[in-house]
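Asker: So for the sequence shown, our numbering puts the first residue at 1; every next one is plus one.
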Amino acid sequence: MGLFLLTTLTMIAFAANSVLGRMAIGAAGEPLIDPASYSAVRLVSGAAMLMLLVALTALRDGRGQREFRGSWLSAFALFAYAAAFSFAYVALETGLGALILFACVQATMIGWSLKEGDRPSAPEWLGLVTAFGAFVWLVSPGLAAPDPLAAGTMALSGIAWGIYSLRGRGSADPLQATAHNFLRSTVFLLPLALVVAALGLPLHFTATGTLLAVISGAITSGLGYALWYQVLRHIGGTAGAIVQLTVPVIATFGGVVLLDEAWTLRLALSSVLILGGVAVAIIAKKRRS
Numbered sequence: 001m002g003l004f005l006l007t008t009l010t011m012i013a014f015a016a017n018s019v020l021g022r023m024a025i026g027a028a029g030e031p032l033i034d035p036a037s038y039s040a041v042r043l044v045s046g047a048a049m050l051m052l053l054v055a056l057t058a059l060r061d062g063r064g065q066r067e068f069r070g071s072w073l074s075a076f077a078l079f080a081y082a083a084a085f086s087f088a089y090v091a092l093e094t095g096l097g098a099l100i101l102f103a104c105v106q107a108t109m110i111g112w113s114l115k116e117g118d119r120p121s122a123p124e125w126l127g128l129v130t131a132f133g134a135f136v137w138l139v140s141p142g143l144a145a146p147d148p149l150a151a152g153t154m155a156l157s158g159i160a161w162g163i164y165s166l167r168g169r170g171s172a173d174p175l176q177a178t179a180h181n182f183l184r185s186t187v188f189l190l191p192l193a194l195v196v197a198a199l200g201l202p203l204h205f206t207a208t209g210t211l212l213a214v215i216s217g218a219i220t221s222g223l224g225y226a227l228w229y230q231v232l233r234h235i236g237g238t239a240g241a242i243v244q245l246t247v248p249v250i251a252t253f254g255g256v257v258l259l260d261e262a263w264t265l266r267l268a269l270s271s272v273l274i275l276g277g278v279a280v281a282i283i284a285k286k287r288r289s
């Protein structure tokens, strides 16, 4: 029961990142904060929370911090994920953004395994083709299709997070690695600020928008990732990949309830096909291995 509760809380935290982002950046009327500022506050507050958790863990265990400092490549992937995520939510609804994000995360990780020589079985191919076809249908032009630039930006965010996840597999201390990667990622905020200034993009933030970014960084990202590492120790990578497929559904529900967003038939059908296809592929791969 305790493990189920922790898993549920973690998935809600991940889904809340999409709800908070959309609430702050894509709110009706004037946004509460601009995407660049949201990214900056989220990464800085996430780094602060994770470094605090690392320090408290070291104090509890009676040891100093290990010499495990993450990597600049992983930190850049983390930054790219956070920045693209923020800019995408200017024009994407909550559930749709989460669906594109997590579909691209899984696609990146599955694509990497194919590159490494993995040969999927027939059920795996069926799941992958179904999911890919549904994703193409979701983002193809039409009355209910999402903004193509925003969808592409969220896809980049998912690919970046997939790369970050691939690089973090097998980490000896994932909490400390993530903390230091968050810390390193803040270095890339300066180039982001220069790009924003060069393009003449407006900077705008309010107390409420800043608070939402802090909650996303420190609570639903920082504490959420810490909980996730605890959960993964008990359920394993395959079950972890499958359970994450609930996040877009939770995010969509949050968008409908909190932001009065609509769940279109196109989104509903594509969600079932994408998430179902990925689940079939993951389960079939587990049985084969």
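Ideal Cβ placement from N, Cα and C applies to all residues, glycine included.
Please name the residue or residues paired with ILE33 in a DSSP beta bridge.
Answerer: For the purposes of this step, residue 33 is identified with residue 33 of the sequence shown, where counting begins at 1. Looking at the DSSP assignment, ILE33 forms a beta bridge with PHE205.
Asker: Kindly indicate which three-state DSSP category LEU194 falls into: helix, strand or coil?
Answerer: For the purposes of this step, residue 194 is taken as the residue at position 194 of the sequence shown. Residue state, collapsed to three classes: helix.
Asker: Thinking THR94 and GLU261 are a contact (beta carbons under 8 Å), I'd like their distance in whole angstroms, please.
Answerer: On the sequence shown, residue 94 is found 94 positions in, with the first residue counted as 1. On the sequence shown, residue 261 is found 261 positions in, with the first residue counted as 1. The Cβ separation is near 6 Å, so the contact holds.
Asker: Can you grab the Cα-Cα spacing for the pair LEU114 / SER121, in whole Å?
Answerer: To locate residue 114, count along the sequence shown from 1; it is residue 114. To locate residue 121, count along the sequence shown from 1; it is residue 121. C-alpha separation (whole angstroms): 12 Å.
Asker: Please report the Cβ distance between ALA88 and MET154, rounded to the nearest whole angstrom; I am assuming they are in contact, meaning their Cβ atoms lie under 8 Å.
Answerer: On the sequence shown, residue 88 is found 88 positions in, with the first residue counted as 1. On the sequence shown, residue 154 is found 154 positions in, with the first residue counted as 1. Rounded, the Cβ-Cβ distance is 4 Å, consistent with contact.
Asker: Going by DSSP in three states, ARG119 sits in which element: helix, strand or coil?
Answerer: Here residue 119 refers to the residue found at position 119 when the sequence shown is read from its first residue. If DSSP states are grouped into helix, strand and coil, ARG119 belongs with coil.
Asker: Distance, Cα to Cα, SER157 vs ILE25?
Answerer: Within the sequence shown, the letter at position 157 stands for residue 157. Within the sequence shown, the letter at position 25 stands for residue 25. Rounded to whole angstroms, SER157 to ILE25 spans 16 Å at the Cα level.
Asker: Given this structure, state the Cα-to-Cα distance separating PRO123 from MET51, to the nearest angstrom.
Answerer: Taking the sequence shown and counting its residues from 1, one reaches residue 123 at position 123. Taking the sequence shown and counting its residues from 1, one reaches residue 51 at position 51. So the two alpha carbons sit approximately 43 Å from each other.
Asker: Please state if the CB of ARG167 and the CB of ALA77 are separated by a distance shorter than 8 Å.
Answerer: As a working mapping, residue 77 is identified with position 77 in the sequence shown. As a working mapping, residue 167 is identified with position 167 in the sequence shown. In contact: ALA77 and ARG167 (Cβ atoms closer than 8 Å).
Asker: Please name the residue in TRP137, ILE242, GLN244 and THR186 whose C-alpha comes closest to that of ALA36.
Answerer: What you label residue 36 is simply residue 36 of the sequence shown in a count that begins at 1. Closest by alpha carbon: THR186.
Asker: Measure the C-alpha to C-alpha separation of VAL256 and VAL247 and round it to an integer number of angstroms.
Answerer: On the sequence shown, position 256 is the one that residue 256 refers to. On the sequence shown, position 247 is the one that residue 247 refers to. Answer to the nearest angstrom: the Cα atoms are 14 Å apart.
Asker: Can you tell me the Cβ-Cβ gap for VAL44 and GLY217, rounded? I've got them flagged as a contact below 8 Å.
Answerer: Along the sequence shown, read from residue 1 onward, the residue named residue 44 stands at position 44. Along the sequence shown, read from residue 1 onward, the residue named residue 217 stands at position 217. Between GLY217 and VAL44 the Cβ distance is about 7 Å, and since that is below 8 Å, they are a contact.
Asker: In the DSSP assignment, the alpha helix (DSSP H) including PRO146 goes from what residue to what residue?
Answerer: Locating residue 146 in the sequence shown gives position 146, counting from the first residue. Unbroken run through PRO146: none, as it is neither H nor E.
Asker: Considering only the beta carbon of each residue, do ALA251 and ILE110 sit closer than 8 Å?
Answerer: Here residue 251 is taken as the residue at index 251 of the sequence shown, counted from 1. Here residue 110 is taken as the residue at index 110 of the sequence shown, counted from 1. Contact flag unset, no.
Asker: Checking 8 Å against the spacing of the C-beta atoms, do LEU273 and ALA134 come in under that value?
Answerer: As a working note, residue 273 is residue 273 in the sequence shown. As a working note, residue 134 is residue 134 in the sequence shown. In contact: LEU273 and ALA134 (Cβ atoms closer than 8 Å).
Asker: Are the CB atoms of VAL231 and SER165 within a distance shorter than 8 Å?
Answerer: On the sequence shown, residue 165 is found 165 positions in, with the first residue counted as 1. On the sequence shown, residue 231 is found 231 positions in, with the first residue counted as 1. Contact flag unset, no.
Asker: Of all the options TYR81, ALA15 and GLY236, which has the alpha carbon lying nearest to the alpha carbon of ASN181?
Answerer: Translated into the one-based positions of the sequence shown, residue 181 becomes position 181. Selected option, being the one with the closest Cα: TYR81.
Asker: Inspect the beta-carbon positions of ILE33 and ALA213 and report whether they are closer than 8 Å.
Answerer: Position 33 of the sequence shown, counted from the start, is the residue given in the question as residue 33. Position 213 of the sequence shown, counted from the start, is the residue given in the question as residue 213. Going by C-beta atoms, ILE33 is nearer than 8 Å to ALA213.
Asker: For GLY70 and ALA284, which I take to be in contact (beta-carbon distance under 8 Å), what is that distance rounded to the nearest angstrom?
Answerer: One-based indexing of the sequence shown puts residue 70 at position 70. One-based indexing of the sequence shown puts residue 284 at position 284. Not a contact, Cβ separation roughly 33 Å.
Asker: Considering only C-alpha positions, which residue in the set LEU175, LEU199, THR220 and LEU138 is nearest to ARG42?
Answerer: Against the sequence shown, residue 42 aligns to sequence position 42. Selected option, being the one with the closest Cα: THR220.
Asker: Buried or exposed: where does PHE79 fall if 16 or more other Cβ atoms within 10 Å of its Cβ makes it buried?
Answerer: Translated into the one-based positions of the sequence shown, residue 79 becomes position 79. Under this definition PHE79 is a buried residue.
Asker: Report the residue from GLY162, GLY276 and LEU259 whose alpha carbon sits nearest the alpha carbon of ILE242.
Answerer: As a position in the sequence shown, residue 242 is number 242, starting the count at 1. Looking at the Cα atoms, GLY276 is the closest of the given residues.
Asker: One question on the structure: do LEU201 and ASP147 come within less than 8 Å of each other, judged by their Cβ atoms?
Answerer: On the sequence shown, residue 201 is found 201 positions in, with the first residue counted as 1. On the sequence shown, residue 147 is found 147 positions in, with the first residue counted as 1. No, these two residues do not count as a Cβ contact at 8 Å.
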